[in-house]
Amino acid sequence: NHTKILQELLMDILRALSSPNPDICKKVLDVAMDIVNVRNVSEVVSALKREVTKTEEDAVEAKGAYYRSMLIRAIHGCAARFPQVAESVVHVLMDFLATDSGMQVIIFVRAIIEQYPPLRASVLSKLLHNLEDIKNNGVMCVCLWILGEYCETAEVLGEAFDDINTQLGEASFVLKNDEKQAQEKAAAEAAAGPKMVTKNVVLSDGTYATQTVYSETKKQEDNTPGLRKMLVEGDVFLGSVVSSTLTKLCLRASDMPGDFSPVRSKDMAMKALLVMCAIVKMAEVTVTAQRSSHADCSERITLCCRALLDPKANALLKPIMLGKGKAAFGSFLKSLKDKESKDTKKGVVAPSVQADDLIHFRQLRSSAVASGELDLDDGHDLARATGYEDGGSLLSSELSHVYQLSGFADPVYSEAF
């Protein structure tokens, strides 16, 4: 066991990340995560941040997306084990919310914002700034959940509510006939590609020539916000997340009479109710809507409406919606941390063979040296050479990767309380 020597050479080991082979990079990161400690974690994180920035520039490379996912996972592990580096990495990673690694980044941000309360204000501000750049529906759902749970100050709460409403636009998510026809026409023109026109022209010297012109339809810029576009396309599941987030913001604003006047609180509630009604209408009319999730999401949105309109339902649901979900997520993170610490303590038995011990090859021994006794148990030889004489069966580790299929693959929005 020569961990201390490897810790001194860790930065030299990380130089192997320049290899174009993603398998080598994965092995290097696994070794680095095993031997990183408090003394070298800052240097390791700085190197990983530089590598993440390079993947944004070299996105065309074959290992770009996969390599970026490995780096984000490694940075997440460093931030979870060493809190002093969490602040320096979270803002850098949030610039990748709009990439194909956005789900990994937002899960990392969700854990950081729960575990480190002093970072919540800056992380929420950065999240609101990047909200309009998010194109993935799943990433948008997690972002909205974070905003609904952790916007606790009046300034951040009001900014979050206004930004979400700006992204939603007008409370009508059903395309009109003329808008639908214009959208279909633009899609057809884009699919048709450039047109080629050939004609005869007379040159300046009186001769004839053939001229070929390629005319390409000018693409119209789509200024529709990302969140509104997702809802118009029929994502009912996202609509239920939006409804839950707006409801939480309205309920929390009603508990701040000094910062939000009764008129302002009622105005927020009315805007939220209009959005919820528009989402339900969209789910009923839009053909591409997730029909299998329509009943569950409609029930969820109805519950949110009752929480804002019915005083009895408000008194019953407010403590559950504002506190229980966050507490359940905190318990979940604590259980993961306890499991990880338990696995670390359990550890792996270190090999009993030292690095400078001689290796005896049975095949190279002469019969005189071996005294005529040949050990044909290759497995036992390998176990003695590696130091693991009681390796046990690998069947249990193989079965740990087998998951039972439930048969229900439809997305249903639910929160743990």
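All residue numbers for the sequence shown refer to my numbering, where the first residue is 217 and numbers rise by one. The beta carbon of each residue, even a glycine, is placed where N, CA and C say it ideally should be. The structure displayed is predicted, hence computed values, not measured ones.
- DSSP, reduced to helix, strand and coil, places Thr428 within a strand of the structure shown.
- When the beta-carbon positions are compared, Leu309 and Asn346 stay at least 8 Å from each other.
- Here the segment 346-365 does not lie against the segment 413-432, with fewer than 3 beta-carbon pairs under 8 Å apart.
- Assignment of Met472 by DSSP, reduced to helix, strand and coil, places it in the coil class.
- When DSSP states are grouped into helix, strand and coil, Lys550 belongs to the helix group.
- By the 16-neighbour rule on beta-carbons within 10 angstroms, Met486 is exposed.
- Here Ser317 really is in contact with Ser285; their C-beta atoms are around 5 Å apart, less than 8 Å.
- The alpha-carbon separation between Val252 and Arg326 amounts to approximately 24 Å.
- Phe324 and Thr271 have their C-alpha atoms spaced approximately 18 Å apart.
- When DSSP reads this structure, Thr414 sits in a beta bridge with Thr428.
- Within the same chain, and ignoring the five residues on either side of Gly354 in sequence, the residues whose Cβ sits closer than 7 Å to its Cβ are Met319.
- Its Cα nearest to that of Glu449, the residue Leu384 stands out among Leu462, Arg480, Arg468, Leu384.
- Non-local C-beta neighbours of Val257 in its own chain, meaning closer than 7 Å and more than five positions away in sequence, comprise Cys294, Phe298, Val301, ordered along the chain.
- Boundaries of the alpha helix (DSSP H) around Asp250: 238-251.
- Within the same chain, and ignoring the five residues on either side of Thr502 in sequence, the residues whose Cβ sits closer than 7 Å to its Cβ are Val390, Gly450.
- Short of 8 Å from the beta carbon of Ala376, and not among the five residues preceding or following it, lie these beta carbons of its own chain, in chain order: Leu340, Leu344, Leu363, Cys367, Leu465.
- Residues Leu360, Trp361, Leu363, Gly364, Ile380 of the same chain have their beta carbon placed closer than 8 Å to that of Thr461, with the five preceding and five following residues left out of the count.
- By the Cβ rule, the segment 541-559 does not count as touching the segment 520-528, because fewer than three pairs are nearer than 8 Å.
- Considering only Lys220, Ser234, Ala543, the residue with the shortest C-alpha distance to Arg255 is Lys220.
- Within the segment 255-315, the complete alpha helix (DSSP H) segments at least 4 residues long are 257-273, 280-297, 302-309, listed from N- to C-terminus.
- Met537 and Gly474 have their alpha carbons spaced roughly 22 Å apart.
- Assigned with DSSP and collapsed to three states, Pro441 falls in coil, not helix or strand.
- DSSP, read as helix, strand or coil, puts Cys367 in coil.
- Residues Leu287, Ala290, Ile291 of the same chain have their beta carbon placed closer than 7 Å to that of Leu264, with the five preceding and five following residues left out of the count.
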